[in-house]
Amino acid sequence: VSTVSYTIKRHLETGGNSDRKRSGRPKATTESEDKFLRVNSLRDRRLTGQQLQAQLNTGRSKQVSVSTVKRRLRAAGLTGRVAVRKPLLRWQNKKKRLAWAMKHRQWTTEDWMKVLWTVESKIEIFGSSCRVFVCRRVGEKMVPRCLTPTVKHGGGSVMVWGSFAGSRVSEFILQQDNDPKHTSRLCQNYLRRKEQDCRLQIMEWPAQSPDLNPIELVWDELERRVKAKQPTSATHLWELLQQCWEELSEQYLISIVERMPRVYSAVISAKGGIFD
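With the working numbering, letter number 68 in the sequence shown gets 78, and the count goes up by one each step, no holes.
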């Protein structure tokens, strides 16, 4: 009877039968302390949960756990992530990248198809900076199947140079980075003669800008395909590289060139800085 009367009374008071909001356990931190954690984390993105905990607990009678600190950061939209590795861009680099993007902002997809994209890369048998994730149980940390083997100097490597264009043209625009080999007097004089003979045009390229070059995506794709085939020696690695290069479809190469208008727009939006 008491339950029925209580239900009727609750309905009359609240207009419904849903549970009332409970106060629950009091928070271990105040709003000002939550703001302290959020602001300090934004000021120094490299601070760990333990470091923020130590700062917060200084002069505090009741200590706050690391888990609580991490929960407050997550509530503020701040989560721990691995920092992306990108070339260092000084203000001079950003200025040149922005100038490059502004110079080519009127280019159409057809213009980008005329560019011969080039770059060299070192492919190693074992050496890879990619993190490898495995599923393991407690106590299996050192089980061979749960390890990533490493070998000095990558266990053998191949230095390759490659190029591609989105279409076949009689006169192309040569893109190359600012490697000392490319900027040497011998190389520059040779290319200048070819340019005078109307055999090619030379694209001025900003330093520290591999992210602007679509062929970098080709090398990443090649490395993934080659690693999946598990090369056993430098000779085998070279054979697999050639095989995987031949397997790249023309449509794939065209697709990564077609993204160039989005690339220079992103560079302009980032004012010459790093873009996503």
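Just so you know, even glycine gets a beta-carbon here, dropped at the ideal spot from N, CA and C.
Quick caveat, the model's predicted, so the values are computed rather than measured.
Which listed residue (the options) has its alpha carbon closest to that of residue i
| i | options | result |
| --- | --- | --- |
| residue 276 | 115, 47 and 177 | 115 |
| residue 166 | 228, 242 and 264 | 242 |
| residue 144 | 156, 69, 238 and 226 | 156 |
| residue 112 | 214, 236, 249 and 199 | 214 |
| residue 271 | 37, 110, 23 and 203 | 110 |
| residue 46 | 83, 152, 195 and 286 | 83 |
| residue 173 | 146, 15, 211 and 125 | 125 |
| residue 205 | 66, 185, 252 and 57 | 185 |
| residue 208 | 189, 179, 260 and 191 | 179 |
| residue 90 | 56, 12 and 244 | 56 |
| residue 187 | 152, 249 and 131 | 131 |
| residue 236 | 251, 211, 245 and 117 | 251 |
| residue 285 | 212, 28, 108 and 147 | 108 |
| residue 66 | 87, 201, 29 and 43 | 43 |
| residue 264 | 247, 120 and 76 | 120 |
| residue 81 | 70, 92 and 48 | 48 |
| residue 61 | 154, 13 and 51 | 51 |
| residue 86 | 41, 26, 99 and 71 | 41 |
Min CB distance residue i to chain B below 7 Å
| i | result |
| --- | --- |
| residue 34 | Of the chains in the structure shown, none is chain B; there is only one protein chain. |
Cβ-based burial, residue i [other Cβ within 10 Å; buried from 16]
| i | result |
| --- | --- |
| residue 223 | buried |
| residue 176 | buried |
| residue 171 | exposed |
| residue 219 | buried |
| residue 39 | buried |
| residue 195 | exposed |
| residue 135 | buried |
| residue 133 | buried |
| residue 229 | buried |
| residue 190 | exposed |
| residue 168 | buried |
| residue 63 | buried |
| residue 247 | buried |
| residue 98 | exposed |
| residue 101 | exposed |
CB contact flag (residue i, residue j, <7 Å)
| i | j | result |
| --- | --- | --- |
| residue 104 | residue 282 | yes |
| residue 74 | residue 59 | no |
| residue 273 | residue 122 | no |
| residue 197 | residue 232 | no |
| residue 129 | residue 225 | yes |
| residue 37 | residue 216 | no |
| residue 142 | residue 158 | yes |
As assigned by DSSP and simplified to three states, the class of residue i
| i | result |
| --- | --- |
| residue 284 | coil |
| residue 210 | strand |
| residue 53 | helix |
| residue 223 | coil |
| residue 229 | helix |
| residue 217 | coil |
| residue 15 | helix |
| residue 60 | helix |
| residue 240 | coil |
- Query: Which parts of the region 25 to 50 are runs of the beta strand (DSSP E), unbroken and 3 residues or longer, counting only runs that do not cross its ends?
  - Reply: none
- What are the complete alpha helix (DSSP H) segments, minimum 4 residues, inside the region 114 to 195? 119 to 123 and 190 to 193
- Could you tell me which uninterrupted alpha helix (DSSP H) segments, each at least 4 residues in length, are contained entirely in the region 65 to 122, listed from first to last along the chain? 76 to 85 and 101 to 113
- Taking only runs that begin and end inside the region 245 to 278, name each unbroken alpha helix (DSSP H) of 4 or more residues, in chain order. 260 to 267
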